[in-house]
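Chains as they are written, first to last, in the working numbering: chain A, 27 to 140; chain B, 120 to 234. The structure appears right after this line, and notes come after that.
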Amino acid sequence: DTGVSQDPRHKITKRGQNVTFRCDPISEHNRLYWYRQTLGQGPEFLTYFQNEAQLEKSRLLSDRFSAERPKGSFSTLEIQRTEQGDSAMYLCASSLVGGAETQYFGPGTRLLVL
Amino acid sequence: DQQVKQNSPSLSVQEGRISILNCDYTNSMFDYFLWYKKYPAEGPTFLISISSIKDKNEDGRFTVFLNKSAKHLSLHIVPSQPGDSAVYFCAASAYSGGSNYKLTFGKGTLLTVNP
Numbered sequence: 027d028t029g030v031s032q033d034p035r036h037k038i039t040k041r042g043q044n045v046t047f048r049c050d051p052i053s054e055h056n057r058l059y060w061y062r063q064t065l066g067q068g069p070e071f072l073t074y075f076q077n078e079a080q081l082e083k084s085r086l087l088s089d090r091f092s093a094e095r096p097k098g099s100f101s102t103l104e105i106q107r108t109e110q111g112d113s114a115m116y117l118c119a120s121s122l123v124g125g126a127e128t129q130y131f132g133p134g135t136r137l138l139v140l
Numbered sequence: 120d121q122q123v124k125q126n127s128p129s130l131s132v133q134e135g136r137i138s139i140l141n142c143d144y145t146n147s148m149f150d151y152f153l154w155y156k157k158y159p160a161e162g163p164t165f166l167i168s169i170s171s172i173k174d175k176n177e178d179g180r181f182t183v184f185l186n187k188s189a190k191h192l193s194l195h196i197v198p199s200q201p202g203d204s205a206v207y208f209c210a211a212s213a214y215s216g217g218s219n220y221k222l223t224f225g226k227g228t229l230l231t232v233n234p
């Protein structure tokens, strides 16, 4: 059974650079979510996709952030012109749509912006 | 405004005893609740969930209790084992558009089980 995978696991970048993260969901799952977790906080919802459609974006997702899921399978999250405040763990989760959904999380990508 | 609150940042118990982790919520629209366990440098792992139509759900050593009138839920782990040492997150979602989807998390409780 293959779970949710994320790549890279760690990323260190300089302020102002662009970064891109990838998430591969559980293969039969049609919903994919992005969350962000900072130190001492729980994960916070950023956005989600049903198949290839992006259905909701949090106000936390500034215009420097963009997410895609072009073929309804893997997803990418890009952060342009990174800022030190973007330093966080970026978590991806997937689920099957319908009723009370259980989301399964990947290992996360830890971003450090210097 | 914190809609899901875990007021105990940490909890320490002896191996073999019961661990009780608590969670309160303020949004009356929440109707599905989940507990996740998280080890350092890993993503959250799903443990157990409960729908608002129930007041108890049990899975092995883990039991979740829901008190809707008090907007309170708790996770009981019996017996506690050293491998249970982790951060536990309470999460909640509201039914919308045909399903529950967006999760709102608490800040987590660090459980330490001492041998």
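Glycine residues also receive a C-beta, built at the ideal position from the N, C-alpha and C atoms.
What T28 (chain A) touches in chain B, judged by beta-carbon distance under 8 Å, is nothing: the nearest beta carbon there is about 14 Å away. Secondary structure note for M148 (chain B): it is in no beta strand (DSSP E), with a DSSP letter that is neither H nor E.
For T64 (chain A), there are no neighbours in chain B by C-beta distance under 9 Å, as the nearest C-beta there is about 10 Å away. Interface flag for T102 (chain A) against chain B is unset, since no Cβ pair is found closer than 9 Å. A straight-line Cα-Cα distance of about 21 Å links Q200 (chain B) and S168 (chain B). Within a 10 Å sphere around the beta-carbon of V197 (chain B) sit fewer than 16 other beta-carbons, which makes this residue exposed. Q125 (chain B) counts as buried, since at least 16 other C-beta atoms from the protein chains shown sit within 10 angstroms of its C-beta. Residue environment: N219 (chain B) is assigned as buried (16 or more neighbouring CB atoms within 10 Å of its CB, all protein chains considered). Using a Cβ distance threshold of 9 Å, S120 (chain A) and R35 (chain A) do not count as a contacting pair. Scanning the region 148-216 of chain B from its first residue to its last, the whole beta strand (DSSP E) runs of 3-plus residues come out as 149-157, 164-170, 175-178, 181-186, 191-196, 205-215.
In summary, the residues of the region 118-137 of chain A whose CB is separated from some CB of chain B by less than 7 Å are V123, G124, G125, A126, E127, T128, Q129, Y130, F131, G132, P133, G134, in the order they occur in the chain. In terms of Cβ geometry, M115 (chain A) and L137 (chain A) form a close pair [threshold 9 Å]. Contact of V123 (chain B) with chain A is assigned, a C-beta pair being separated by under 9 Å. Unbroken beta strand (DSSP E) runs of no fewer than 3 residues, entirely contained in the region 48-91 of chain A, are found at 57-63, 70-76, 79-83, following chain order. For Y116 (chain A), the uninterrupted beta strand (DSSP E) segment begins and ends at 114-121.
Each residue's CA atom was taken as its position, placing H191 (chain B) and L153 (chain B) some 13 Å apart. Distance between S129 (chain B) and L229 (chain B), taken at the CA atoms: about 4 Å.
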